[in-house]
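As structure tokens, the structure follows; a few thoughts come after it.
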Amino acid sequence: MAATLTASARRIIVRTGLLAIAGGSAWTWQRHLATSLHHTAVATGLALFATCLALALFNSRKKLPFLPLLRAATWTQFHIYAGWFSVLLFLIHTGFRWPDGRFECLLASVFALVAVSGIFGLILSRTLPARLTQHGENVIYERIPALRTKLQRDVEALVLKSVEETKSCTIADFYAAQLKAYFDRPRSLPHYLTRRDAPLKKILGEIRLLERYTNEREHAILAELTECLRAKENLDFQRAGQGLLKYWLFVHIPLTASLLLLGAFHGLYVFYFAGGLR
Amino acid sequence: MAEPTATISRPQRWDVPFDSQMDAAAVDRVLSIAPFSRIDLSNFPKSTPLRDILLNDASVRAFGKGEVIVREGDYGNSAFFIIQGSVKVALGKDAIPAALLGRRETHKKNFFETIGQLWSNPPHAEVRDTARYQAARDATAAARSGDTRSPIPGGSRSPLSRKDATKAGAVFLSDIPAVLKGGTATLSAGVFFGEIAALGRTPRTATIFADEPSELLEIRWQGLRELRLRAPEIKQFVDTNYRKYSLENHLRETEYFKDLSPEELKLVADQTRFETYGGFDWHTDYKKNRDTDPVERLRGEPVIAEQGQYANGLILIRAGFARLSQKYNHGERTASYLARGQMFGFKEIAHNWRTKESVSLRYTLRALGYVDVLVVPTSVVEQYVLPKIAAEALPKLIKTTEEADNPISPLEQLSGKLPTDFVEFLVDHRFINGRATMLIDLDRCTRCDDCVRACAAGHDNNPRFVRHGQQLGSYMVATACMHCLDPVCMIGCPTGAISRDATGGQVVINDTTCIGCSTCANSCPYNNIQMVEIRDARGEPLLDQEKKPVTKAAKCDLCLEQPAGPACVRACPHDALARLNIRDTDTLAAWLQR
Chain B
3 MAATLTASAR RIIVRTGLLA IAGGSAWTWQ RHLATSLHHT AVATGLALFA
53 TCLALALFNS RKKLPFLPLL RAATWTQFHI YAGWFSVLLF LIHTGFRWPD
103 GRFECLLASV FALVAVSGIF GLILSRTLPA RLTQHGENVI YERIPALRTK
153 LQRDVEALVL KSVEETKSCT IADFYAAQLK AYFDRPRSLP HYLTRRDAPL
203 KKILGEIRLL ERYTNEREHA ILAELTECLR AKENLDFQRA GQGLLKYWLF
253 VHIPLTASLL LLGAFHGLYV FYFAGGLR
Chain C
308 MAEPTATISR PQRWDVPFDS QMDAAAVDRV LSIAPFSRID LSNFPKSTPL
358 RDILLNDASV RAFGKGEVIV REGDYGNSAF FIIQGSVKVA LGKDAIPAAL
408 LGRRETHKKN FFETIGQLWS NPPHAEVRDT ARYQAARDAT AAARSGDTRS
458 PIPGGSRSPL SRKDATKAGA VFLSDIPAVL KGGTATLSAG VFFGEIAALG
508 RTPRTATIFA DEPSELLEIR WQGLRELRLR APEIKQFVDT NYRKYSLENH
558 LRETEYFKDL SPEELKLVAD QTRFETYGGF DWHTDYKKNR DTDPVERLRG
608 EPVIAEQGQY ANGLILIRAG FARLSQKYNH GERTASYLAR GQMFGFKEIA
658 HNWRTKESVS LRYTLRALGY VDVLVVPTSV VEQYVLPKIA AEALPKLIKT
708 TEEADNPISP LEQLSGKLPT DFVEFLVDHR FINGRATMLI DLDRCTRCDD
758 CVRACAAGHD NNPRFVRHGQ QLGSYMVATA CMHCLDPVCM IGCPTGAISR
808 DATGGQVVIN DTTCIGCSTC ANSCPYNNIQ MVEIRDARGE PLLDQEKKPV
858 TKAAKCDLCL EQPAGPACVR ACPHDALARL NIRDTDTLAA WLQR
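As given, the protein sequences belong to chains B and C, one line each in that order. Mapping the first sequence onto our numbering, position 23 (from 1) lands on 25, and the numbers just tick up by one. Mapping the second sequence onto our numbering, position 366 (from 1) lands on 673, and the numbers just tick up by one.
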């Protein structure tokens with residue numbers, strides 16, 4: 003059985019096992035504190051805050067790439083499993099129920115959003131890269147607008163050439179009516195999230211139909227147009243996918259900062275009412 | 308009112324000579340010694356006369372008894388000519404313990420310098436400290452005029468002459484007979500050495516030290532190249548040495564030859580042929596033909612040995628790369644690639660010797676660009692080499708039926724590890740040259756560009772690679788310097804600004820001596836060197852006297868100065884990026900099959 007597992011599957015099993023052991027230990031520790039009449043919420047809260055701080059350090063590590071502070075890949079693995087552990091700690095801390103105070107509700111909501119955005123990012127980073135690779139030519143995100151503009155100009159030049167060479171406006175009219183809007187702007191992100199390729203299929207179908215009514219030279223131009231359509235489709239897909247992979251962090255990181263601030267305030271608040279700061 | 312754009316002198320080839328203390332008297336002296344005295348000065352163009360070559364590309368250096376001149380394993384960019392005295396070559400691999408060689412470590416940033424990059428990196432792209440360039444010029448001028456008081460303001464680079472600079476790190480071997488593991492060979496006045504490593508862009512094959520107080524002329528390879536080109540006497544001299552010593556050294560290093568006695572080795576060497584295939588500047592042909600049909604390209608590669616022929620000799624690759632291919636239907640499939648130190652035909656020769664059969668060559672060997680090979684005749688291998696090898700160390704017998712059933716089974720070093728399409732990809736694009744090739748697994752890469760940002764952070768905010776390049780399936784070879792086994796970028800550099808780091812062999816550019824001629828960038832077959840327009844601290848482009856932008860060559864230096872090594876690898880959060888030696892197929896295969 004073990005021999006049939008890949009190295010990465012074995013790694014996941016081992017780490018998940020360690021996570022389960024850590025979660026179980028935290029639960030046992032909390033029960034032990036409860037039975038010995040300690041403030042379990044304070045202890046688990048401090049552990050949770052410390053875990054969140056450790057998780058947030060990953061972003062700081064990214065700002066110091068030249069220091070020998072372990073590889074970022076190692077940090078990522080720690081971040082993933084410590085993230086799951088923080089969820090377990092959160093559940094233990096809250097007693098597996100949604101808090102009832104307004105501030106606690108806000109704090110719990112922010113934690114939940116951070117966790118969900120983190121899981122979303124994890125799923126994205128494990129699924130989207132392969133789809134981007136398989137979809138078409140790999141392009142640099144920042145270059146996409148320039149590449150799209152160039153493609154648009156190439157297509158317009160091709161259409162003008164078709165008029166000059168074939169003395170016919172059929173392809174030019176078709177371009178103006180059906181294709182110009184497609185080439186003018188990128189398609190929206192939801193389009194790709196739902197994996198709908200019907201509009202492209204529809205346009206390609208129309209081109210195939212048009213081929214019945216065109217001569218050999220026009221066939222060649224339509225073939226080139228088809229290639230441009232596919233290139234545009236790939237640029238849009240790369241833009242949407244790479245954008246998603248970049249910008250989910252713009253949700254996760256600010257939320258994490260808010261969580262740390264609210265968490266610190268929550269701690270001070272608890273200490274204040276527990277008489278710790280008076 | 309905006310300040311005027313800064314103007315600096317356009318960098319020239321000999322702004323910073325090899326040795327600032329080399330003067331006209333020393334040149335006269337060298338020119339009075341054979342073979343330099345026999346050189347026809349009219350063979351040299353007015354722009355690069357012999358006197359100027361010696362003045363700017365050479366240095367007369369004195370060595371004390373036991374002083375190490377070159378170390379085995381170091382990457383050298385210069386050759387030596389013994390003016391007087393004698394030197395000893397330590398024979399055999401690792402003839403002198405590494406600890407005694409006093410190898411100088413490359414400067415690594417300390418903790419504070421490393422942290423300081425957080426706020427000291429300039430906000431503009433390609434900012435340079437222009438005072439450094441002027442100071443280097445001033446230091447040269449002062450040294451030539453006899454004034455040695457020319458400190459470089461604020462710079463750590465001292466204006467020491469080559470003599471002073473090298474003396475500062477001089478290493479002496481005391482009690483030489485005790486430290487030597489093997490024997491020595493003596494070279495006397497009038498002999499060149501070190502040219503093999505300098506011209507071949509390979510590590511030094513032996514440690515050489517002064518046998519008595521000696522005076523040597525050190526010539527950087529740019530000057531040596533000119534001398535070979537313009538002076539037939541020097542060319543003949545150097546080429547004879549090149550052939551003689553490279554052959555013997557290579558045989559000595561080859562695994563199956565190591566048990567041969569010196570006499571036997573000499574007998575083998577005497578009968579070994581030295582053959583060369585393809586052109587030395589292979590990169591120009593490659594760039595010209597890389598977009599042609601791969602089948603046509605393969606047909607254009609010179610055949611060294613052909614499948615189906617009798618193995619007339621054991622072929623040892625001395626320099627360059629060779630493609631190992633096997634007929635498949637109407638074409639040829641690449642089974643593997645061979646580089647320096649690897650051999651071809653041994654399995655067939657050993658099989659025939661053991662079984663008295665006559666198995667022909669199972670693969671075709673073709674030159675990928677420039678290839679130097681040594682051919683040891685089969686009869687010589689059978690007479691001297693095979694009897695010395697233990698039976699268990701001999702290669703397994705060839706199973707002819709199995710070979711026929713599985714015609715593309717790669718050679719031992721690749722068997723079952725690298726898929727054929729990947730081998731074809733590596734060979735077609737000549738990535739086999741890479742010692743630190745940046746490979747990206749696109750199925751893992753989230754295109755976050757953390758690698759690019761990390762690279763920029765370590766290089767004054769300038770990324771030194773592009774996360775884009777040739778792709779096969781989900782693997783990409785990024786546009787980053789591969790620190791090649793054969794760095795052809797170094798071939799044309801007129802100043803020696805691009806060179807190998809002596810210790811690690813990384814190909815690095817000295818920004819102070821780079822004159823922005825673009826030769827290296829044009830030579831690089833992989834477009835991994837960028838020419839950048841440099842700026843002053845205000846972000847203004849630097850112009851020369853003719854108001855043209857001053858450019859410098861820039862590329863990945865494998866974070867040589869950073870304490871943690873290549874930042875790109877360390878920064879990748881998804882373990883998608885690796886710097887791999889393509890010849891290390893075990894590691895490469897393991898990385899692909901993670």
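The beta carbon of each residue, even a glycine, is placed where N, CA and C say it ideally should be. Note that this is a predicted model, so its numbers are computed, not measured.
Where does the unbroken beta strand (DSSP E) through H221(B) begin, and where does it stop? No beta strand (DSSP E) holds H221(B); the alpha helix (DSSP H) holding it covers 218 to 249.
Can you tell me which residues form a DSSP beta bridge with Q778(C)? M783(C)
Flag this pair as yes or no: are the beta carbons of I541(C) and Y584(C) separated by less than 9 Å? no
S521(C), buried or exposed, once every other Cβ within 10 Å from all chains shown has been counted against 16: buried
Would you say E533(C) and T802(C) are within 9 Å of each other, going by their C-beta atoms? no
To the nearest angstrom, how far is the alpha carbon of S349(C) from that of D359(C)? 13 Å
Along the chain, where does the beta strand (DSSP E) containing S190(B) start, and where does it finish? That residue, S190(B), is in no beta strand (DSSP E); it is neither H nor E in DSSP.
Let me check understanding here. Comparing Cα to Cα, which of D808(C), D843(C), M797(C), R845(C) lies closest to C824(C)? M797(C)
Can you tell me whether R456(C) is buried or exposed? The criterion is at least 16 other CB atoms within 10 Å of its CB, across all chains shown. Because R456(C) sits at a pLDDT of 41, beneath the cut-off of 50, its placement in the model cannot be relied upon, and the following sentence gives the value as read from the coordinates. It is exposed - the Cβ of R456(C) has fewer than 16 other Cβ atoms within 10 Å.
Do you know offhand how far Q720(C)'s Cα is from S781(C)'s? For Q720(C), the pLDDT reaches just 41, beneath the cut-off of 50, and the residue's location in the model is therefore unreliable, although a value from the coordinates is still provided. Answer to the nearest angstrom: the Cα atoms are 24 Å apart.
Run through chain C and tell me which residues come within less than 7 Å of L69(B), C-beta to C-beta. T421, A871
Cβ of V814(C) within 9 Å of Cβ of E840(C)? no
Would L247(B) pass as a contact of T753(C) if the rule is Cβ separation under 9 Å? yes
Neighbouring residues, chain C, relative to K248(B) (Cβ below 9 Å): T753, R754, C755, D756
Can you pull the chain B residues whose beta carbon is under 8 Å from the beta carbon of L567(C), in chain order? None at all; the shortest Cβ gap to chain B is about 43 Å.
According to DSSP, is G256(B) helix, strand or coil? Residue identity check: residue 256(B) is Pro in the sequence provided, not Gly. If DSSP states are grouped into helix, strand and coil, P256(B) belongs with the helices.
Where does the unbroken beta strand (DSSP E) through Y563(C) begin, and where does it stop? That residue, Y563(C), is in no beta strand (DSSP E); it is neither H nor E in DSSP.
Looking at the structure shown, is S465(C) part of a helix, part of a strand, or coil, going by DSSP? Residue placement at S465(C) cannot be trusted, given a pLDDT of 36 that sits under 50; what the coordinates show is reported in the next sentence. Here S465(C) sits in coil by DSSP.
Simplified DSSP state of F275(B), which is helix, strand or coil: helix
T662(C) (DSSP reduced to helix, strand or coil): helix
Excluding the 5 residues preceding and the 5 following L749(C) in the sequence, name in chain order all residues of the same chain whose CB lies nearer than 8 Å to its CB. Q778, S781, Y782, M783, A883
Have a look at L21(B) and A28(B) and give me their C-alpha separation to the nearest angstrom. 10 Å
Backbone CA spacing between L251(B) and G123(B) [nearest angstrom]: 8 Å
If you measure beta-carbon to beta-carbon, which residues of the segment 114 to 134 of chain B are closer than 8 Å to chain C? L126, S127, L130, P131, A132, L134
Kindly give me the distance between the Cβ atoms of A861(C) and N769(C), rounded to whole angstroms, as I take these residues to be in contact under 8 Å. 7 Å
Any contact between the segment 598 to 616 of chain C and the segment 664 to 674 of chain C? By contact I mean 3 or more CB pairs, one from each, below 8 Å. yes
Run through the DSSP bridge pairs and tell me what E522(C) is partnered with. A369(C), Q391(C)
Cβ of A74(B) within 9 Å of any chain C Cβ: yes
Tell me, please, which residues DSSP counts as bridged to P848(C). R842(C)
Nearest residue (CA-CA) to L494(C), options S830(C), F325(C), T514(C): T514(C)
Take R625(C) as the anchor and find which of L725(C), V680(C), R368(C) has the nearest alpha-carbon. V680(C)
Would you kindly check if the distance between the Cβ of L108(B) and the Cβ of L264(B) is under 9 Å? yes
Secondary structure at Y833(C), three-state DSSP: helix, strand or coil? coil
What residues in its chain sit with their C-beta under 7 Å from that of E639(C), if we drop five residues either side in the sequence? L605, S632, Q633, T671
Partner residues on chain B for R774(C), Cβ-Cβ distance less than 8 Å: I142
Residues of chain C with a CB under 7 Å from the CB of A11(B): which are they? By Cβ distance, chain C contributes nothing, its closest Cβ being about 12 Å from A11(B), past 7 Å.
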